[in-house]
Amino acid sequence: MLSVNNIVKQYAGHRALDDVSLTVEKGKIFGLLGPNGAGKTSLIRIITQITAPDSGEVIFNGQRLNSNHIAQIGYLPEERGLYKKMEIGEQVLYLARLKGLTTAEATKRVRYWFEKLEMGSWWNKKVEDLSKGMQQKVQFVATILHQPELIILDEPFSGFDPVNAEIIKNEILELNKQGATFIFSTHRMESVEELCDNIALIHRSKKILDGSVEEIRNNYRNQTYWLEYDGAFDTDIPSDIFEIHQQDHKEGKTKLKVQLREGKSANDMLAVLLPLVNIQRLDEVIPTMNDIFIEKVKTQN
Amino acid sequence: MNKILLIIQREYLSRVKKKSFIVMTLLTPVIIAGFYGITIYFSIQGIKGTSNKIAVVNENKTLTEKLVSTRNATYTYVNQSLPQMKANLATEGYDYVLYLPEFNLDAPAGIQLLGTKQAGLTLNSKVSDDIENVIRNQKLKESGLAQKDLDNLKSSVDIDMKKIGETGKEEDSSAGASTVIAYVAGVLMFMFILLYGIQVMRGVIEEKTNRIIEVMISSVKPFQLMMGKIIGIALVGLTQFILWIVLTGAISTAVVKIYANKSTATKTEVATAMKNQSDSKMLKDATEKSPIGSIQKSLANLNVTKIITLFLFFFIGGYLFYSALYAAIGSAVDSETETQQFMFPVMMPLLLGYTLSLSVITNDPYGNMAFWLSMIPFTSPIAMMVRLPYGVPDWQLALSMALLILGFIGTVWVASRIYRVGILMYGKKTSLKEMIKWFTYKN
Numbered sequence: 372m373l374s375v376n377n378i379v380k381q382y383a384g385h386r387a388l389d390d391v392s393l394t395v396e397k398g399k400i401f402g403l404l405g406p407n408g409a410g411k412t413s414l415i416r417i418i419t420q421i422t423a424p425d426s427g428e429v430i431f432n433g434q435r436l437n438s439n440h441i442a443q444i445g446y447l448p449e450e451r452g453l454y455k456k457m458e459i460g461e462q463v464l465y466l467a468r469l470k471g472l473t474t475a476e477a478t479k480r481v482r483y484w485f486e487k488l489e490m491g492s493w494w495n496k497k498v499e500d501l502s503k504g505m506q507q508k509v510q511f512v513a514t515i516l517h518q519p520e521l522i523i524l525d526e527p528f529s530g531f532d533p534v535n536a537e538i539i540k541n542e543i544l545e546l547n548k549q550g551a552t553f554i555f556s557t558h559r560m561e562s563v564e565e566l567c568d569n570i571a572l573i574h575r576s577k578k579i580l581d582g583s584v585e586e587i588r589n590n591y592r593n594q595t596y597w598l599e600y601d602g603a604f605d606t607d608i609p610s611d612i613f614e615i616h617q618q619d620h621k622e623g624k625t626k627l628k629v630q631l632r633e634g635k636s637a638n639d640m641l642a643v644l645l646p647l648v649n650i651q652r653l654d655e656v657i658p659t660m661n662d663i664f665i666e667k668v669k670t671q672n
Numbered sequence: 283m284n285k286i287l288l289i290i291q292r293e294y295l296s297r298v299k300k301k302s303f304i305v306m307t308l309l310t311p312v313i314i315a316g317f318y319g320i321t322i323y324f325s326i327q328g329i330k331g332t333s334n335k336i337a338v339v340n341e342n343k344t345l346t347e348k349l350v351s352t353r354n355a356t357y358t359y360v361n362q363s364l365p366q367m368k369a370n371l372a373t374e375g376y377d378y379v380l381y382l383p384e385f386n387l388d389a390p391a392g393i394q395l396l397g398t399k400q401a402g403l404t405l406n407s408k409v410s411d412d413i414e415n416v417i418r419n420q421k422l423k424e425s426g427l428a429q430k431d432l433d434n435l436k437s438s439v440d441i442d443m444k445k446i447g448e449t450g451k452e453e454d455s456s457a458g459a460s461t462v463i464a465y466v467a468g469v470l471m472f473m474f475i476l477l478y479g480i481q482v483m484r485g486v487i488e489e490k491t492n493r494i495i496e497v498m499i500s501s502v503k504p505f506q507l508m509m510g511k512i513i514g515i516a517l518v519g520l521t522q523f524i525l526w527i528v529l530t531g532a533i534s535t536a537v538v539k540i541y542a543n544k545s546t547a548t549k550t551e552v553a554t555a556m557k558n559q560s561d562s563k564m565l566k567d568a569t570e571k572s573p574i575g576s577i578q579k580s581l582a583n584l585n586v587t588k589i590i591t592l593f594l595f596f597f598i599g600g601y602l603f604y605s606a607l608y609a610a611i612g613s614a615v616d617s618e619t620e621t622q623q624f625m626f627p628v629m630m631p632l633l634l635g636y637t638l639s640l641s642v643i644t645n646d647p648y649g650n651m652a653f654w655l656s657m658i659p660f661t662s663p664i665a666m667m668v669r670l671p672y673g674v675p676d677w678q679l680a681l682s683m684a685l686l687i688l689g690f691i692g693t694v695w696v697a698s699r700i701y702r703v704g705i706l707m708y709g710k711k712t713s714l715k716e717m718i719k720w721f722t723y724k725n
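Respectively, the protein sequence lines represent chains B and V.
Using my numbering, read the first sequence as starting at 372 and increasing by one per residue.
Using my numbering, read the second sequence as starting at 283 and increasing by one per residue.
Here it is as C-alpha cells:
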C-alpha cells in the first residue's frame, strides 16, 4: 500500500536519507529500525507530509502522496504532546476534526474509545492533571480516531507501565486484524519480534537491511547451539566438528555454546558426543533482532 | 480553509475563556474610567485653585510696584525680617515666604522662595513670571507711563484656530486636542501591537514546548497553523478593544452623570473655566487637559467614525505585519528566555516608530519625516494614527494603507518560510544566520 522509492533528503551539511526505498504491504505491521539519528524520523516526516523529499517519491495506494492522503494516515510522533490547558475531550475532538471528521462523528468515536480504554472520567480534565502514561493513552486515541488506513507509531510504548503497554499492544493487534497497516519505529527489539511482520533497518541515512522478521532471523542463523550434559567438560572431545564459544560448569552439569564448523551438522556433533556424555538439552540459537541489529550496525561502522 | 477556521476557533475560544482575559477586559475600563474621573477632579481642583499663601518680605527699596495676587498665589506683604518670617511661617498660616533682597532692576538676583514643602515647578515659574511682570511695570512707569496707560497696554488676544479643509470649508482645530488624541492613539497602537504580537509568539513557543506541534503538522499545513493562530489572536484583540470602548464609554457616562448631579455648581465652574481663555497658565493647561473640554469639541470635528475605522485598520494591519515576525521568532526558539536576541531587531522599528511619532510628528505633523514615517509599514501604523488628528490628505492615507497591506503580505510570506522549518527544530540554539538559511530551504 505504501512504497517509498529512492528518497533523498538533504539538510544543510548533512544527508538525512540517501536513496532509501522500501515497501509496506497492506495489513502488515512494518518495523522501521535504526540507531538514533539514522534518519527514521526524517523518513516518517516525509511519509506524513511534514517535509518533502529532495528527490524520490512516495506512492500511497497507487497514487503519488498528496494532501488528500492526510486523513488516511495517523501519526503518533516520538516528540508528542497536547495542549496543557485544554480539556481532554475537547482536545481529542479538535484533533479529530482537523483530520476531517464531523463534530458528531468525532464525538461518537471519542466516547467509544474513552469507554473502551477506561478513560470515561477524563473528559473534562485538563492535560496537566494527567500522568504521562495517561497522556500517552489520550494521544494514542487521537492518532487512531479517524480510522486511518496507515498508522505510524514512533516509540509507542515509551512511558507506559506494563499493564497499559499490554492494553495498547492488544489494540494495535486488533486494529491490524481489522485491516489497518502499521509502521512502527522503535528501539525495543523484543516488541519488534512480537509485533512486526517486516522490518527495514536504516543506518547512517541508508537502508542496510530489510525483509520479513522470520526470514531475516533465519538468514542470520549461524549453526550455533546451546548444549547441556551431565558431568564435567572433557577436553578430549574432538574439536574438528565444532568450536566452543562459551562454557559453564555448575552442580555437575556442563553448558556449552558451540558453533558447528563448515559443512558439519548437528547430527555429526551428536554422533561424537553420544558415546561420551549424557546429553540433556540441545537448542539451536536463532539470533534475536537485537543481536542482528547490533551486529549489522557494528559491521557497518 | 475549513481547517484554518477550526484553528482560529480554538485559538480564539481558548484565550477568551481564560480567567485572565475576562478580568483584564472588565478591569481595564474601570481603571480607565477611574483615571478619567481623577483627571476631571484634578483639573477642576486646579481651576478652583489650591491657592498658595505667600508672605512677601521686601527689602528692595527701588521696587515699589506690588505683586498682585491671583487665583493660585496670594501675596501678602509683611513687615518682618526674613529670619523672623521663616520661624513664624506655619503659625501665621503661610505656605511660602518670598524674599526680595536689594537688587538692581536690570539684573535681579538673590530672590528666594522658601517653604516647609518644596515649591512645584508650576508655582516656581508662576512666581518668577509675576516678579518679572512687576519689574517690567515698574520700569515702564519710570519711563513715564501712567497707570492708566499701563492698564491699556495689555489687550487679550484669543486666536481662533481654523484649518482650511480640502473643500475650502473652515474646520475648527485645536492643537492641544489633536496632540492628546495623537498621543492616546499612538500609545494604544504601540501597546496593542506589542501585546498581541507577543501573544502570537508565546502561542507558537507553547506548541513547541508542549510537543504538540508535530501532531498538528501531520494534520494541517504549517501556514494554516500560523495564520489560524495570528487571525485567532487578532480577533481576541479586537474583542477586547471593542469591549473596552463600550464598557469605558458606559462607565464614564455613568460616572459623569453621577458627578454632575451631585454638584451642579462644579459643573458650571468647569463650563466657565472652559470658555475663559484667561491669562492664567494653570487654567489654560487645565482647560486643554480637561477631557470634557476641547477634546470633545474637536472630537466632534474630527469624525470619530473615521478615526475608529482607521484605527481598526491600522491596528489589524500593523498587528499582522508584526505578529508574523513574532511567529517566526517563536518558531525558532525552545523557550521564551531565548527570544531576547531576536526580539531586539523586531522591537527596534516599533519602538522607533513610537518615539519618533510622539516627538517629531506632534511637533511637525506635515513635515517630511512625518510623511515617511507614516508610509513605511514598520512605523506607519503608529505614525499614521498620530498624524490623523491633524488631518492627512486622502491619497497619502490610501498609499499608506496599500503599503501596509503589501508589507504584511511580505512579512507573512517570509515568516511562514522560517516558521515551517523552525517549529520542527528542538533543542538547538538558533542564530539569525540559521534563520536566513531556513528561509531558503526548499519546502
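No residue lacks a Cβ here, since even glycine has one placed at the ideal position from N, Cα and C.
#### Entry: Residues of its chain near F553 (chain B), where Cβ-Cβ distance is below 7 Å and the 5 sequence neighbours each way are ignored
Excluding the 5 residues flanking it on each side, F553 (chain B) has same chain C-beta neighbours closer than 7 Å at I400, F401, I522, L524, I543, N547, in chain order.
### Task
Could you check the C-alpha separation between V628 (chain V) and I304 (chain V) for me, to the nearest Å?
One C-alpha to the other measures close to 29 Å.
### Query
Just the Cα atoms here: how many angstroms apart are L286 (chain V) and F505 (chain V)?
The identity of residue 286 (chain V) in the sequence shown is Ile, whereas the question assumes Leu. Using only the alpha carbons, I get a separation of about 9 Å.
### Message
Assess contact between the segment 657-677 of chain V and the segment 505-520 of chain V, defined as three or more Cβ pairs (one per stretch) separated by less than 8 Å. Is contact present?
### Response
Result no; under three Cβ-Cβ pairs closer than 8 Å.
### Query
With burial defined as no fewer than 16 other Cβ atoms inside 10 Å of the residue's Cβ, what is the status of E496 (chain V): buried or exposed?
Buried is the call here.
### Query
For G500 (chain B), which of B:A513, B:K456, B:E586 has the nearest alpha-carbon?
Here residue 500 (chain B) turns out to be Asp, not Gly, going by the sequence shown. For the set B:A513, B:K456, B:E586, the Cα lying nearest the Cα of D500 (chain B) is the one of B:K456.
### Query
Cβ of T625 (chain B) less than 9 Å from any chain V Cβ?
It does not; no Cβ of chain V falls within 9 Å.
### Task
Just the chain B side, please: which residues come within less than 9 Å of N650 (chain V) by C-beta, in chain order?
By Cβ distance, chain B contributes nothing, its closest Cβ being about 44 Å from N650 (chain V), past 9 Å.
### Message
Can you look up I489 (chain B) in the DSSP assignment and give me helix, strand or coil?
### Response
Here the sequence assigns Glu to residue 489 (chain B), which means Ile is not the residue at that position. Coil at E489 (chain B), not helix or strand.
### Query
For N271 (chain V), is the classification buried or exposed, using 16 other Cβ atoms within 10 angstroms of its Cβ as the cut-off for buried?
Since the first and last residues shown for chain V are 283 and 725, residue 271 (chain V) lies out of range.
### Message
Within 10 Å of its beta-carbon, does T422 (chain B) have 16 or more other beta-carbons around it, so buried, or fewer, so exposed?
### Response
When all chains shown are included, T422 (chain B) counts as buried.
### Query
At what residues does the beta strand (DSSP E) containing A609 (chain V) begin and finish?
Element bounds for A609 (chain V): not the beta strand (DSSP E) but the alpha helix (DSSP H), 586-614.
### Query
Using a C-beta cutoff of 9 Å, does A513 (chain B) count as contacting chain V?
Output row for A513 (chain B): interface = yes.
### Task
If I'm right that V537 (chain V) touches A315 (chain V) with Cβ under 8 Å, what's the distance once you round it to whole angstroms?
Contact between V537 (chain V) and A315 (chain V) holds: CB atoms are separated by about 6 Å, below the 8 Å threshold.
### Query
Which of helix, strand or coil does DSSP assign to E564 (chain B)?
In the three-state reduction of the DSSP assignment, E564 (chain B) falls in the helix class.
### Where G635 (chain V) falls, given that 16 or more other Cβ within 10 Å makes a residue buried
It counts as buried.
#### Entry: Proximity below 9 Å, CB of K503 (chain B) to CB of G530 (chain B)
Inclusion of K503 (chain B) and G530 (chain B) in the CB contact set at 9 Å is warranted, their separation being smaller than that value.
### Query
For A337 (chain V), does the three-state DSSP call read helix, strand or coil?
Reduced to three states, the DSSP call for A337 (chain V) is strand.
### Outcome for Q671 (chain B) when other beta-carbon atoms lying within 10 angstroms are tallied against a minimum of 16
So Q671 (chain B) counts as exposed.
### Task
Closer than 7 Å by beta-carbon distance: list the chain B residues that pair up with N492 (chain V), in chain order.
Going along chain B in sequence order, the residues near N492 (chain V) (Cβ under 7 Å) are G452, L453, Y454, K455.
### Task
Please classify G460 (chain B): does DSSP put it in a helix, a strand, or coil?
For G460 (chain B), the secondary structure class from DSSP, reduced to helix, strand or coil, is helix.
### Query
Buried or exposed: K487 (chain B), going by 16 or more other Cβ atoms within 10 Å of its Cβ?
Result: exposed.
### Task
State the beta-bridge partners of V379 (chain B) as determined by DSSP.
Note: V379 (chain B) sits in a beta bridge opposite B:S426.
### Query
If you count every other CB in all the chains shown that lies within 10 Å of the CB of W720 (chain V), and 16 or more means buried, which is it?
Classification for W720 (chain V): buried.
### Query
Which partner residues of L395 (chain V) appear in the DSSP bridge assignment?
DSSP lists V:L380 as the bridge partner or partners of L395 (chain V).
### Query
Straight-line CA distance for I494 (chain V) to H574 (chain B)?
Cα to Cα, the separation comes out at about 27 Å.
### Query
In whole angstroms, what separates the C-alpha of G397 (chain V) from that of T591 (chain V)?
As the crow flies, the alpha-carbon of G397 (chain V) is around 52 Å from that of T591 (chain V).
#### Entry: Within 9 Å, strictly: CB atoms of V518 (chain V) and V298 (chain V)
Yes, Cβ-Cβ distance for V518 (chain V) and V298 (chain V) is below 9 Å.
### Query
Helix, strand or coil: how does DSSP classify G398 (chain B) here?
Residue state for G398 (chain B) is assigned as coil, using DSSP reduced to three classes.
### Message
When you compare the CB positions of K496 (chain B) and D425 (chain B), do they come within less than 9 Å of one another, or not?
### Response
No, Cβ-Cβ distance for K496 (chain B) and D425 (chain B) is not below 9 Å.
### Query
Does the segment 338-347 of chain V touch the segment 412-432 of chain V, meaning 3 or more C-beta pairs lie closer than 8 Å?
As far as the Cβ criterion goes, the segment 412-432 of chain V touches the segment 338-347 of chain V, which means the pair count is three or higher.
### Task
Measure from the alpha carbon of E565 (chain B) to the alpha carbon of each residue in B:W597, B:M660, B:Q618, then state which is nearest.
Considering only alpha carbons, the answer is B:M660.
### Task
Measure the beta-carbon distance from G334 (chain B) to G623 (chain B) and round it to whole angstroms, keeping in mind my assumption that it falls under 8 Å.
What the structure shows of chain B is the stretch from 372 to 672, and residue 334 (chain B) is not part of that stretch, so it cannot be assessed.
### Query
For D532 (chain B), which of helix, strand or coil comes out of DSSP?
D532 (chain B) sits in coil when the DSSP states are folded into three classes, being neither helix nor strand.
### Query
Quick one: which chain B residues come within Cβ less than 8 Å of Y708 (chain V)?
Chain B residues near Y708 (chain V): E450.
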